[in-house]
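Trainee:
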Amino acid sequence: MNIIVCVKQVPAKDAPLAIAGNWIKESDIGFEMNEPDSYALEEALRLKEKHGGEVIAVSMVPERVKQTIKEALAKGADRGIHIADDNFAQLDPLGAAKCLSAAIQKEKFDLVLTGLQSDDQGFGQTGVLLAALLDKPHATIIMAIEVEGPKMKLKRELEAGWFQHIECPLPAVLSIQSGINKVRYATLKGIMAAKKKEIATITRESLGVSIEPTQQVEKIYVPTKSKKTEFLTGTPKEAAGKLVEKLKFEARVI
Amino acid sequence: MKILVITEQRQGKWNNTSFETLAAAQQIAKETSGAITAVVIGKGVASFADELAAKNVAEVMLVENDLLESYTPDGYCIALKQIIESAKPDLVLFPHTYQVRDFAPKLAAMLGKGMIGDCIGYRAEGGKLVFVRQMFQGKTAADVTFQGATPWFASFQAGAFRADLVTPHPSGKAPVNAAAVQLSAEQIRTRPLDLFKEAKSAVDLTQAPLIVAIGRGIKAPENIPQAEALAKALGGEIAASRPICDEGWLPMERQIGSSGQTVAPKLYLALGISGAIQHVVGMKGARTIVAVNKDQNAPIFEIADYGIVADIFEVMPALTEALEKAKS
Chain A
1 MNIIVCVKQV PAKDAPLAIA GNWIKESDIG FEMNEPDSYA LEEALRLKEK HGGEVIAVSM
61 VPERVKQTIK EALAKGADRG IHIADDNFAQ LDPLGAAKCL SAAIQKEKFD LVLTGLQSDD
121 QGFGQTGVLL AALLDKPHAT IIMAIEVEGP KMKLKRELEA GWFQHIECPL PAVLSIQSGI
181 NKVRYATLKG IMAAKKKEIA TITRESLGVS IEPTQQVEKI YVPTKSKKTE FLTGTPKEAA
241 GKLVEKLKFE ARVI
Chain B
1 MKILVITEQR QGKWNNTSFE TLAAAQQIAK ETSGAITAVV IGKGVASFAD ELAAKNVAEV
61 MLVENDLLES YTPDGYCIAL KQIIESAKPD LVLFPHTYQV RDFAPKLAAM LGKGMIGDCI
121 GYRAEGGKLV FVRQMFQGKT AADVTFQGAT PWFASFQAGA FRADLVTPHP SGKAPVNAAA
181 VQLSAEQIRT RPLDLFKEAK SAVDLTQAPL IVAIGRGIKA PENIPQAEAL AKALGGEIAA
241 SRPICDEGWL PMERQIGSSG QTVAPKLYLA LGISGAIQHV VGMKGARTIV AVNKDQNAPI
301 FEIADYGIVA DIFEVMPALT EALEKAKS
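For the record, the sequence lines run as chains A and B.
If you're matching positions, the first sequence starts at 1 in the numbering used here and goes up one per residue.
If you're matching positions, the second sequence starts at 1 in the numbering used here and goes up one per residue.
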């Protein structure tokens, strides 16, 4: 079973974000693998362990992304594809998906996995768009995958605690829900083995994809507050005391 | 501006965010002298169309087909593509539900268009529509505009507009027009099976008046007893944001947010929760919200009534003590 996993690199969770126009200043902050994608990668590795085949990690963006691909290789992916593009943040969801799709089309695959959404732009569209562009069936927010011959039985999460089983033929594109599995750490052996694994770099331009934007992020900014928060200051003990007073006598909820 | 609103229902029940999106569409229609067509899609759903016809819309379109009885992304995309091609709207609006996430970007792509998803609002500026959505897990907002020719596709986050503000039809009822679509069984590649809920949960957080919720800031499972002690001192239930339940540190039934429970307690105490939109939609109806977070820019403070900018590990024991003292 050949599985392609799309992994994105995003600012680290605790990175202080400095806004610059319609994106953030990328210098001086750390990056990490988009957490929802790490669940997709883990699921790909588990499927490979069960059914054999190859796991290919695909990522698009600048040179630094190689670190995320290397992490995927260290965890057990067999090879990586790096679509190099320094201007990736300006791509809209459709443009980004077109580039990924063009690169994926060059490979023989049974399954394409993505995370549910990215923790930076959070469009949450890549998997569904890849399905459209690759003309393959798809399902999203997947909590379990069972491969049964040429098809899969999937558990899809709906809202408010509901789930649905779905039957989906292979090849297909799936967006994986976070929490589907327990993500592994890379072992030292894995990290050493990754050094010998191949990362093929292709430039975005060489894919020959038209990425005329359908939408434009004009600017990003710190959101305006909808409520006025009363901040309670002092030592933790003082702040806690003030809060209990407020909850008791002002909000009257305790 | 001609606006198409794609509504959602399942097993005889509305997804209520459909009406929130209709409220948004009515507002946009008012500001752009537009007309709304509300679309109901499924099988045996004429009563839903009738209900919509009593709202202030120009038309209700009823799209029925045996193959649309259960939702499938292929079925919905093929059917709605035909509807959009014949209705020629400028703007197609959806509620940002899990189902919409599953098919709407593909529907737009099949027409060569893009979609601005998960919007929390819009502004009409000089004849131009600017959509507002969140980025970086709610730490920033973004103004986004469409480029290129219509139709444009957008979805609105749950809670972005108020369903109770939907206005009724001014003169009784809008016409309901049935629209036929061409669809064959072999075009639908996935097969929907049973709908189910996991084993009934032992706790019903929706009934809890006081909730203490923990997020990533709790750092490790061994720290959870500190939050539980605080919940006990308060007489409340413990809950969590998704990552905590994903890690298995608390059971899934204690998860608050779009994929978990939606609660509206008297008091919601958020400890080390950043306030990503997926969490906020599940708790913003709380009467009083208290947030404790060491990052003063955490989005949770945007909706908090009271805030303490500090390390939760210093605040939790102090607050437990203060609550116990207040009780005695």
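Ideal Cβ placement from N, Cα and C applies to all residues, glycine included.
I need the straight-line Cα distance from G260(B) to I300(B), nearest angstrom please.
Mentor: Rounded to whole angstroms, the gap between the alpha carbons of G260(B) and I300(B) is 18 Å.
Trainee: With a floor of 4 residues, list each alpha helix (DSSP H) that falls wholly inside the region 222-254 of chain B, ordered by position along the chain.
Mentor: Counting only runs of 4 or more, we get 224-234 and 242-246.
Trainee: Closer than 8 Å, CB to CB, is C119(B) near chain A or not?
Mentor: Chain A, which has no Cβ nearer than 8 Å to the Cβ of C119(B), makes this no.
Trainee: Could you tell me if G236(B) is buried or exposed, where buried requires 16 or more neighbouring beta carbons within 10 angstroms of its beta carbon?
Mentor: Counting Cβ neighbours within 10 Å, G236(B) comes out buried, since at least 16 surround it.
Trainee: I'd like to confirm the pairing. Which residues does DSSP put opposite A291(B) in its beta bridges?
Mentor: A270(B) and G307(B)
Trainee: Chain B beta carbons: is any one of them nearer than 8 Å to that of V253(A)?
Mentor: yes
Trainee: Could you check where the alpha helix (DSSP H) with I211(A) kicks off and where it finishes?
Mentor: Per DSSP, I211(A) belongs to no alpha helix (DSSP H) and is neither H nor E.
Trainee: DSSP on H169(B), reduced to helix/strand/coil?
Mentor: coil
Trainee: When you compare only the Cα positions, how much space is there between S86(B) and M115(B)?
Mentor: 19 Å
Trainee: I'd like to know if the region 270-282 of chain B and the region 193-208 of chain A are in contact, where contact means that at least 3 CB-CB pairs between them fall below 8 Å.
Mentor: no
Trainee: Going by DSSP in three states, F255(A) sits in which element: helix, strand or coil?
Mentor: Here chain A has residues from 1 to 254 only, and residue 255(A) is not among them.
Trainee: Interface residues of chain A around K88(B) at Cβ under 9 Å?
Mentor: Simply none; closest approach about 18 Å.
Trainee: Can you tell me whether P192(B) is helix, strand or coil according to DSSP?
Mentor: In the structure shown, P192(B) sits in a strand (DSSP, three-state: E or B).
Trainee: Go ahead and pull the three-state DSSP assignment for F136(B).
Mentor: helix
Trainee: Which residues does DSSP list as the beta-bridge partners of K55(B)?
Mentor: Per DSSP, P168(B).
Trainee: Helix, strand or coil, according to DSSP, for T21(B) in the structure here?
Mentor: Collapsing the DSSP output to three states places T21(B) in a helix.
Trainee: So, helix, strand or coil for S175(A), using DSSP?
Mentor: strand
Trainee: DSSP state of P95(B), grouped into three classes?
Mentor: strand
Trainee: I want to verify the contact list: residues of chain A whose CB lies under 9 Å from the CB of T140(B), in sequence order.
Mentor: L17, I19, I24, I220, Y221, V222 and P223
Trainee: Any C-beta of chain A sitting closer than 8 Å to the C-beta of T97(B)?
Mentor: yes
Trainee: Should the region 179-193 of chain B be regarded as contacting the region 161-168 of chain B, the criterion being three or more beta carbon pairs within less than 8 Å?
Mentor: no
Trainee: Using a Cβ-Cβ cut-off of less than 9 Å, list which residues of the region 34-53 of chain B approach chain A; keep chain order.
Mentor: none
Trainee: Kindly indicate the opening and closing residues of the beta strand (DSSP E) around R123(B).
Mentor: M115 to E125
Trainee: If you measure from the beta carbon of V244(A) to each beta carbon in chain B, is any gap under 8 Å?
Mentor: yes
Trainee: Give the secondary structure of Y221(A) by DSSP, where H, G and I count as helix, E and B as strand, and everything else as coil.
Mentor: Of the three classes helix, strand and coil, the one that applies to Y221(A) here is strand, per DSSP.
Trainee: How is F249(A) classed by DSSP in three states: helix, strand or coil?
Mentor: helix
Trainee: For I41(B), report the span of its beta strand (DSSP E) as first-last.
Mentor: Residues A35 to G42.
Trainee: Output the boundary residues of the beta strand (DSSP E) element that contains T114(A).
Mentor: L111 to G115
Trainee: Hey, does P170(B) have any beta-carbon neighbour from chain A nearer than 8 Å?
Mentor: no
Trainee: Does F123(A) get closer than 8 Å to chain B when you measure Cβ to Cβ?
Mentor: yes
Trainee: Could you tell me the boundaries of the alpha helix (DSSP H) in which V315(B) lies?
Mentor: I312 to K327
Trainee: Please state whether the Cβ-Cβ distance between L94(A) and L129(A) is less than 8 Å.
Mentor: yes
Trainee: Roughly how far, in whole angstroms, is the beta-carbon of V253(A) from the beta-carbon of K266(B), given that I think they are within contact range, below 8 Å?
Mentor: 4 Å
Trainee: Measuring CA to CA, which of H82(A), R46(A) and N87(A) is closest to M1(A)?
Mentor: R46(A)
Trainee: Who are the neighbours of S178(A) on chain B, taking C-beta pairs under 8 Å?
Mentor: R242, P243 and D246
Trainee: How about M1(B): is its C-beta nearer than 8 Å to some C-beta of chain A?
Mentor: no
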